[in-house]
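The opening position of the sequence shown corresponds to residue 37 in the numbering used here, with each subsequent residue numbered one higher.
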Amino acid sequence: MDIPKLRLLNQQLANPLFHSPKELVSWMGAVQAQDYAMVKWAVGMRLASATVRTVEEALQKGEILRTHVMRPTWHLVAAEDIRWMLKLSVRRIKAANEAYAKGREEISEELYSKSNRALETILAGKKRLTRLEIAEHFRHSGLAADNFHMTRFMVRAEVEGIVCGGESKGGKHAYMLLEECVPPVPDITKDEALARLARNYFRSHTPATLQDFVWWSGLSVTEAKQGIYLISCELTEEQWKGQTWYLHESGRTRGSIKGHIRFLPPYDELLLGYKDRTDVLPSEHYSKAFTGNGLFFPVILYEGQIVGNWDRKVKRNGCAPGCSLFRQESRIDEALLDKAQQQYMQFLGK
Numbered sequence: 037m038d039i040p041k042l043r044l045l046n047q048q049l050a051n052p053l054f055h056s057p058k059e060l061v062s063w064m065g066a067v068q069a070q071d072y073a074m075v076k077w078a079v080g081m082r083l084a085s086a087t088v089r090t091v092e093e094a095l096q097k098g099e100i101l102r103t104h105v106m107r108p109t110w111h112l113v114a115a116e117d118i119r120w121m122l123k124l125s126v127r128r129i130k131a132a133n134e135a136y137a138k139g140r141e142e143i144s145e146e147l148y149s150k151s152n153r154a155l156e157t158i159l160a161g162k163k164r165l166t167r168l169e170i171a172e173h174f175r176h177s178g179l180a181a182d183n184f185h186m187t188r189f190m191v192r193a194e195v196e197g198i199v200c201g202g203e204s205k206g207g208k209h210a211y212m213l214l215e216e217c218v219p220p221v222p223d224i225t226k227d228e229a230l231a232r233l234a235r236n237y238f239r240s241h242t243p244a245t246l247q248d249f250v251w252w253s254g255l256s257v258t259e260a261k262q263g264i265y266l267i268s269c270e271l272t273e274e275q276w277k278g279q280t281w282y283l284h285e286s287g288r289t290r291g292s293i294k295g296h297i298r299f300l301p302p303y304d305e306l307l308l309g310y311k312d313r314t315d316v317l318p319s320e321h322y323s324k325a326f327t328g329n330g331l332f333f334p335v336i337l338y339e340g341q342i343v344g345n346w347d348r349k350v351k352r353n354g355c356a357p358g359c360s361l362f363r364q365e366s367r368i369d370e371a372l373l374d375k376a377q378q379q380y381m382q383f384l385g386k
């Protein structure tokens with residue numbers, strides 16, 4: 037299998053099929069979103085044509101939302117998917133929240149309920165407030181508002197469907213009441229949710245393994261196997277490198293990636309979407325793409341391989357971002373590097 041090529045096509049990095057952020061995020065299932073500014077580029081570069089304003093408008097309208105879900109970490113999800121995805125993730129997110137607090141002050145369920153009620157009052161009327169603004173309200177209400185408590189309060193409110201995030205306010209992540217920005221949708225069963233998550237993952241990340249799906253979704257191995265079983269009629273199994281790989285029936289296989297180049301943002305799905313990243317990034321270059329404690333850097337993708345880094349900062353004089361290759365002997369046509377730089381600059385409207 038030509039894994040890099042297939043992933044470029046199905047992750048919409050080559051010859052993208054979609055035109056709106058909502059379509060793209062729905063297709064992907066979820067898009068990693070720790071870096072709020074860069075996740076806009078992660079979405080935009082996967083669309084047939086888009087500017088940063090295109091993505092910001094989708095966030096402003098509540099078509100896509102930013103919240104803690106799955107492993108758990110920050111993701112963009114489509115509005116209509118947020119409730120069933122949170123229900124699948126609730127146990128893991130609460131456990132992660134408690135692990136974060138291990139050895140520190142325990143927060144009672146009564147106090148969580150009080151913070152949730154305060155949020156419902158503070159944000160009522162479709163208000164959008166940053167964490168700092170919410171913390172100020174909490175202090176006036178007699179609630180602890182230091183970083184430790186705010187982190188736990190806000191994550192709990194997200195997982196319980198009280199708040200979600202959309203477009204920023206003054207460059208800072210802002211929270212809204214979920215009930216005010218996302219219309220209610222019918223509940224689905226756990227099996228329906230597992231099937232939907234598996235379908236979203238394998239159609240957009242194909243080809244991938246069970247271990248990749250477990251890593252991306254945060255599901256237990258048993259749950260992930262059940263999700264795969266429920267959509268087995270849509271999947272083809274291939275044996276490769278001693279592993280079982282799954283390819284979704286909707287996956288694209290035709291298309292050239294010769295000369296294909298992209299400046300990928302940090303935390304991009306091409307790396308974060310898989311447990312094993314060696315198919316696109318040799319292990320000896322891992323430290324140049326990410327650190328052991330989970331910090332990811334902007335990287336250059338060339339013909340399906342990660343080959344270098346680029347500077348995300350755009351200078352005040354409007355100069356395009358600089359770049360460097362992992363290996364000095366690597367050769368990429370300057371015109372292609374200029375093309376990748378211009379794609380990013382045009383997205384920003386520079």
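For glycine and all other residues, C-beta sits at the position ideal for the given N, C-alpha and C.
For Met-212, the enclosing beta strand (DSSP E) covers residues 210-213.
Selection Arg-128, Leu-124, Lys-123, Glu-215 evaluated against Glu-156 yields Glu-215 as nearest (Cα-Cα). Beyond the five residues adjoining it in sequence on each side, Phe-184 comes within less than 6 Å, by CB distance, of no other residue in the same chain. Contact between the stretch 242-249 and the stretch 124-139 is absent: fewer than 3 CB-CB pairs across the two stretches fall below 8 Å. The beta carbon of Asp-71 sits closer than 6 Å to those of Pro-302, Tyr-303, all from its chain and outside the five residues before and after it, given in chain order.
If you draw a straight line from the Cα of Arg-288 to the Cα of Leu-45, it is about 6 Å long. Following the DSSP letters along the chain, one finds Val-195 inside the alpha helix (DSSP H) bounded by residues 183-195.
Residue environment for Met-64: buried (at least 16 other C-beta atoms within 10 angstroms of its C-beta). Distances from the alpha-carbon of Leu-283 to those of Ile-368, Glu-259, Ser-240, Lys-261 put Ser-240 closest. Per the coordinates, the alpha-carbon of Arg-363 lies some 26 Å from the alpha-carbon of Trp-77.
By the criterion of a C-beta distance shorter than 6 Å, Ala-193 is surrounded in its chain by Asn-152, Leu-155, Val-199, once the five residues flanking it on both sides are discounted.
Residue state for Ile-264 is assigned as helix, using DSSP reduced to three classes.
A distance below 8 Å between beta-carbons, with the five flanking residues on each side excluded, links Asp-227 to the following residues of its chain, in chain order: Gln-262, Leu-266.
Within the model, the alpha-carbon separation for Ala-50 versus Leu-159 is close to 41 Å. Non-local beta-carbon contacts of Thr-272 in its own chain, meaning distances under 6 Å to residues more than five positions away in sequence, involve Leu-283 in chain order. The criterion of a C-beta distance shorter than 7 Å is satisfied by Ala-115 and Glu-99. About 5 Å separates the CB atoms of Pro-57 and Val-79; that is less than 8 Å, so the two are in contact.
Residues Thr-245 of the same chain have their beta carbon placed closer than 7 Å to that of Gln-279, with the five preceding and five following residues left out of the count. If you look at Ala-114, you'll find it in the beta strand (DSSP E) that goes 109-114. Every alpha helix (DSSP H) stretch that sits fully inside the stretch 232-265 and reaches 4 residues is listed by chain position as 246-253. Considered as a whole, the stretch 261-305 harbours 271-276, 279-284, 297-300 as its complete beta strand (DSSP E) runs of no fewer than 3 residues, in chain order. For His-104, the uninterrupted beta strand (DSSP E) segment begins and ends at 100-105. The beta carbons of Ile-129 and Val-67 sit no closer together than 7 Å. A direct Cα-Cα distance of roughly 22 Å separates Glu-169 from Ile-143. Within 10 angstroms of the beta-carbon of Trp-281 lie 16 or more other beta-carbons, which makes it buried.
Residue environment: Arg-175 is assigned as exposed (fewer than 16 neighbouring CB atoms within 10 Å of its CB, all protein chains considered). Here Arg-89 is not near Pro-52, since their CB atoms are 7 Å or more apart. Under the 8 Å Cβ criterion, the stretch 330-350 counts as touching the stretch 289-298, having at least three qualifying pairs.
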